[in-house]
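Written out below as structure tokens is the structure these notes cover.
2 protein chains.
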Amino acid sequence: MEKLIRRIIERNNPTVVGLDPTLDYIPAQVKAEAFAEYGKTLRGAAHAYLTYNKAIIDAICDVVPAVKPQCAYYELLGWEGVKCLAETISYAQEKGMYVITDGKRNDIGSTMQAYAAAHLGEIEIEGERCVPFGGDALTVNGYLGTDGIKPLLEVIGDNPDKGIFVLVKTSNPSSGELQDRKLGENETVYAAMGDMCERWGAGKIGRYDYSKVGAVVGATYPAQLSELRARLPHTFFLVPGYGAQGGGAKDVAGAFDQNGLGGIVNSSRAVLTAWKKTGGDGRDFAQAARAEAIRMRDDITSAIPPIHSPAGI
Amino acid sequence: MEKLIRRIIERNNPTVVGLDPTLDYIPAQVKAEAFAEYGKTLRGAAHAYLTYNKAIIDAICDVVPAVKPQCAYYELLGWEGVKCLAETISYAQEKGMYVITDGKRNDIGSTMQAYAAAHLGEIEIEGERCVPFGGDALTVNGYLGTDGIKPLLEVIGDNPDKGIFVLVKTSNPSSGELQDRKLGENETVYAAMGDMCERWGAGKIGRYDYSKVGAVVGATYPAQLSELRARLPHTFFLVPGYGAQGGGAKDVAGAFDQNGLGGIVNSSRAVLTAWKKTGGDGRDFAQAARAEAIRMRDDITSAIPPIHSPAGI
Chain A
1 MEKLIRRIIE RNNPTVVGLD PTLDYIPAQV KAEAFAEYGK TLRGAAHAYL
51 TYNKAIIDAI CDVVPAVKPQ CAYYELLGWE GVKCLAETIS YAQEKGMYVI
101 TDGKRNDIGS TMQAYAAAHL GEIEIEGERC VPFGGDALTV NGYLGTDGIK
151 PLLEVIGDNP DKGIFVLVKT SNPSSGELQD RKLGENETVY AAMGDMCERW
201 GAGKIGRYDY SKVGAVVGAT YPAQLSELRA RLPHTFFLVP GYGAQGGGAK
251 DVAGAFDQNG LGGIVNSSRA VLTAWKKTGG DGRDFAQAAR AEAIRMRDDI
301 TSAIPPIHSP AGI
Chain B
314 MEKLIRRIIE RNNPTVVGLD PTLDYIPAQV KAEAFAEYGK TLRGAAHAYL
364 TYNKAIIDAI CDVVPAVKPQ CAYYELLGWE GVKCLAETIS YAQEKGMYVI
414 TDGKRNDIGS TMQAYAAAHL GEIEIEGERC VPFGGDALTV NGYLGTDGIK
464 PLLEVIGDNP DKGIFVLVKT SNPSSGELQD RKLGENETVY AAMGDMCERW
514 GAGKIGRYDY SKVGAVVGAT YPAQLSELRA RLPHTFFLVP GYGAQGGGAK
564 DVAGAFDQNG LGGIVNSSRA VLTAWKKTGG DGRDFAQAAR AEAIRMRDDI
614 TSAIPPIHSP AGI
């Protein structure tokens, strides 16, 4: 998690761009070229995604600290799409970006160990070390309890830069069906999940005072965001729901501490489809994404304390 | 879900073999051939997995109704592994098996729609219809509520054979950390999740009286299995935890109704590594898997009511 926080401070920007491509988001020219070469196939679509992603990354990498590719959109193109995911992760890292793989993975024991090694680690094949995906952080679902989280922490080990984000209070309208249910008098399911994040992260707190175990908390529930910020002092928040889902800069402000740290706010659609609002023909898609990323940065930094390293670092 | 139940009745076998390969499970000869051709690489390992999986499928397909490939083990080999997953799914279906893709996927809205289409549906690419993975059922995590489930049901639509299995009470030791917590006086988190499965499945009940929305309930908690069977009359159970994790035939019996239906019990390790106990050199791995699959079938059918179609079908 430290590398992420360092990048946020360096770029003075607590936002992450969700790389969630769909065919509808990609300008006609990019698709036409890919389909001409590879056909109207999963492969052709995956090539269009990759061209698109690389151009977006090139356009934002000096402004935005991180990208968050959402696995679902790549799996939708079968293994060709998953290959594009791996290539996107590598490319973003080459360009100095922190990569949060949004897979919301969950399982137990040796199976979770496999997910952990797949997305955050490596595998040894008869003495040869291979990196399957090589992300920096992974989103996970904690419904299965500690058995689902421990394998991740084992794979991360002492690496200060890797991390996980556990779903705590998600941004969607029906998140309360389970997450808001009361456990006894005063505790909700989401608060209990948040407390587990603090416990899982205990002993793994880095130089910025946040642990390797972060939490996903939606921008669409600002009161819960502030409540959880106070309750979970060492848990870094990944905040979806800004922009298209309805959350504004004031709504996300509760995620941040007095140093302007503690959270990173995601935007996908508004950045990826910014070109649809420029009046152009789509050839300006990367520049439009950059402009929207800068607008978002300025919007959010104007609503939170100035970003700086905690005293003594 | 109907196709699964039909296959269970036809084969008189309520079990599923988990196709969870690891390099350690694969006999030396199979690995040596793959590494000789493709190197000690992710690609080489993926080819070893595929050869191994196909031989296992060939050996069990007339005895066992379904296979359950666990995504994590394929992702561990990067996109080459995910390609092997897609090929394994196709091969098992060609051989007449029902395929439950064990991905425990979860997200919301258009993202969940992408997962649903990826694993249970298709994508249209400029008028061409493509099938990304083509599984018959998918395991999912319901922590996000209805927003995470509805897109799956939309993609499944009227297809009577497709289905989902929602995590309710998992087989691992720490599953109770959240799942056993009490919501008010008498209800647990897992029971609340089970009730949501019944609600999500309402109106989608097929000819065998079970809906398209199943639940994952572990063999390691037999009391909860019986409790949930009584509580969730239209929810079909996928039961992990038999064998290596400690559950026996008597422990899983509570999953079944008076027709011997209502559940399917998974075994992975015991089937996949049966060859290690034959005293052979590993060349008998497929036959050993078949023998263990038959043993498991006989063990479980001896502990439950005779399997038959409900009256009137």
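If you read the sequences in order, they're chains A and B.
Following my numbering, the numbering of the first sequence begins with 1 at its first residue and continues without gaps.
Following my numbering, the numbering of the second sequence begins with 314 at its first residue and continues without gaps.
No residue lacks a Cβ here, since even glycine has one placed at the ideal position from N, Cα and C.
* Excluding five sequence neighbours on each side, which residues of the same chain lie with their C-beta closer than 6 Å to the C-beta of B:Phe348? -> Stepping through the second sequence from its first residue, residue 348 of chain B is reached at position 35. Excluding residues up to 5 positions away in sequence, Gly357 lie with their Cβ nearer than 6 Å to the Cβ of B:Phe348 in the same chain.
* Asked: From what residue to what residue does the alpha helix (DSSP H) around A:Asp102 run?
  -> As a position in the first sequence, residue 102 of chain A is number 102, starting the count at 1. In the DSSP annotation of this structure, A:Asp102 is not part of any alpha helix (DSSP H); the continuous beta strand (DSSP E) holding it starts and ends at Tyr98 to Arg105.
* Status (buried if at least 16 other CB within 10 Å, exposed otherwise) for B:Asn485 -> Counting from one through the second sequence, the residue named residue 485 of chain B turns up at place 172. Burial call: buried.
* Name the one or two DSSP bridge partners that A:Ala137 has. => Residue 137 of chain A sits at position 137 when you count from the first residue of the first sequence. Checking the DSSP bridge columns, you'll see A:Ala137 partnered with A:Ile100 and A:Gly163.
* Between the beta-carbon of A:Pro14 and the beta-carbon of A:Ile264, is there less than 7 Å? -> Locating residue 14 of chain A in the first sequence gives position 14, where the first residue counts as 1. Locating residue 264 of chain A in the first sequence gives position 264, where the first residue counts as 1. Between A:Pro14 and A:Ile264, the gap from beta carbon to beta carbon is short of 7 Å.
* Cβ-based burial, B:Gly559 [other Cβ within 10 Å; buried from 16] -> If you number the second sequence from 1, residue 559 of chain B lands on position 246. Looking at its Cβ environment, which holds fewer than 16 other Cβ atoms inside 10 Å, B:Gly559 is exposed.
* So, is the C-beta of B:Thr483 closer than 7 Å to a C-beta in chain A? -> Along the second sequence, read from residue 1 onward, the residue named residue 483 of chain B stands at position 170. Taking Cβ atoms only, chain A reaches closer than 7 Å to B:Thr483, which makes this a yes.
* Looking at the C-beta of A:Lys95, does it have a partner C-beta in chain B at a distance below 7 Å? -> Within the first sequence, residue 95 of chain A is the residue found at index 95, counting from 1. No, no contact with chain B.
* Asked: Do you know whose CA, among B:Gly476, B:Gly554, B:Trp513 and B:Leu466, lies nearest B:Tyr627's CA?
  -> Nothing can be reported for residue 627 of chain B, as the shown portion of chain B is limited to 314 through 626.
* Asked: Could you give the distance in angstroms between the alpha-carbon of A:Asp158 and the alpha-carbon of A:Ala202?
  -> As a position in the first sequence, residue 158 of chain A is number 158, starting the count at 1. As a position in the first sequence, residue 202 of chain A is number 202, starting the count at 1. Going by C-alpha positions, A:Asp158 is about 13 Å away from A:Ala202.
* Do B:Trp392 and A:Val82 come within 7 Å of each other at the CB atom, strictly closer than that value? -> Working through the first sequence from its first residue, we reach residue 82 of chain A at position 82. Working through the second sequence from its first residue, we reach residue 392 of chain B at position 79. Yes, they are a contact pair.
* To do: Closer than 9 Å by beta-carbon distance: list the chain B residues that pair up with A:Gly324, in chain order.
  => The shown model of chain A, from 1 to 313, leaves out residue 324 of chain A, and the question about it has no answer.
* Cutoff 8 Å; reference A:Glu37; Cβ partners in own chain excluding five residues on either side -> Position 37 of the first sequence, counted from the first residue, corresponds to residue 37 of chain A. The answer, listed in chain order, is Gly44 and His47.
* What is the residue span of the beta strand (DSSP E) that A:Lys68 lies within? -> The residue labelled residue 68 of chain A in the question sits at position 68 within the first sequence. Counting along the chain, the beta strand (DSSP E) containing A:Lys68 begins and ends at Ala66 to Pro69.
* When the Cα atoms are used, what is the spatial distance from A:Leu138 to B:Lys417? -> As a working mapping, residue 138 of chain A is identified with position 138 in the first sequence. As a working mapping, residue 417 of chain B is identified with position 104 in the second sequence. Near 15 Å, if we compare the C-alpha coordinates of B:Lys417 and A:Leu138.
* Whether B:Val453 touches B:Ile469 by CB criterion (7 Å) -> Numbered from 1 along the second sequence, position 140 holds the residue referred to as residue 453 of chain B. Numbered from 1 along the second sequence, position 156 holds the residue referred to as residue 469 of chain B. Going by C-beta atoms, B:Val453 is not nearer than 7 Å to B:Ile469.
* **chain B contacts made by the segment 98-111 of chain A, where a contact means CB separation under 9 Å** => Listed by position, the residues of the segment 98-111 of chain A near chain B (Cβ gap below 9 Å) are Asp102, Gly103, Lys104, Arg105, Asn106, Asp107, Ile108, Gly109, Ser110 and Thr111.
* Outcome for B:Gly531 when other beta-carbon atoms lying within 10 angstroms are tallied against a minimum of 16 -> Position 218 of the second sequence, counting from 1, holds the residue named residue 531 of chain B. By the 10 Å Cβ count, B:Gly531 comes out buried.
* Runs of beta strand (DSSP E) wholly within the segment 480-541 of chain B (minimum 3 residues, chain order) -> Within the segment 480-541 of chain B, the complete beta strand (DSSP E) runs of at least 3 residues are 526-530.
* **Member of A:Leu272, A:Thr278 and A:Ala249 whose CA lies at the smallest distance from the CA of A:Ile304** => The residue you call residue 304 of chain A lines up with position 304 of the first sequence. Ranking the options by Cα distance to A:Ile304, first place goes to A:Ala249.
* Cβ atoms of B:Lys525 and B:Met314: under 7 Å apart, would you say? -> Here residue 314 of chain B refers to the residue found at position 1 when the second sequence is read from its first residue. Here residue 525 of chain B refers to the residue found at position 212 when the second sequence is read from its first residue. Cβ atoms of B:Met314 and B:Lys525: closer than 7 Å.
* **Buried versus exposed call for B:Ile339 [16 or more other C-beta atoms within 10 Å across all chains shown]** => Start at 1 with the first residue of the second sequence, and residue 339 of chain B comes out as number 26. Per the 10 Å Cβ criterion, buried.
* To do: State the DSSP-derived secondary structure class of A:Arg283, mapped to helix, strand or coil.
  => For the purposes of this step, residue 283 of chain A is identified with residue 283 of the first sequence, where counting begins at 1. Looking at A:Arg283 - three-state DSSP - the assignment turns out to be coil, as it is neither helix nor strand.
* Asked: Would B:Val376 pass as a contact of B:Ala557 if the rule is Cβ separation under 7 Å?
  -> For the purposes of this step, residue 376 of chain B is identified with residue 63 of the second sequence, where counting begins at 1. For the purposes of this step, residue 557 of chain B is identified with residue 244 of the second sequence, where counting begins at 1. No.
* **3 or more residues per run - each beta strand (DSSP E) lying fully within the segment 560-606 of chain B** => Runs of the beta strand (DSSP E) inside the segment 560-606 of chain B: 576-580.
* If I'm right that B:Ile370 touches B:Tyr411 with Cβ under 8 Å, what's the distance once you round it to whole angstroms? => As a position in the second sequence, residue 370 of chain B is number 57, starting the count at 1. As a position in the second sequence, residue 411 of chain B is number 98, starting the count at 1. In this structure B:Ile370 is not in contact with B:Tyr411, their Cβ atoms being roughly 12 Å apart against a cut-off of 8 Å.
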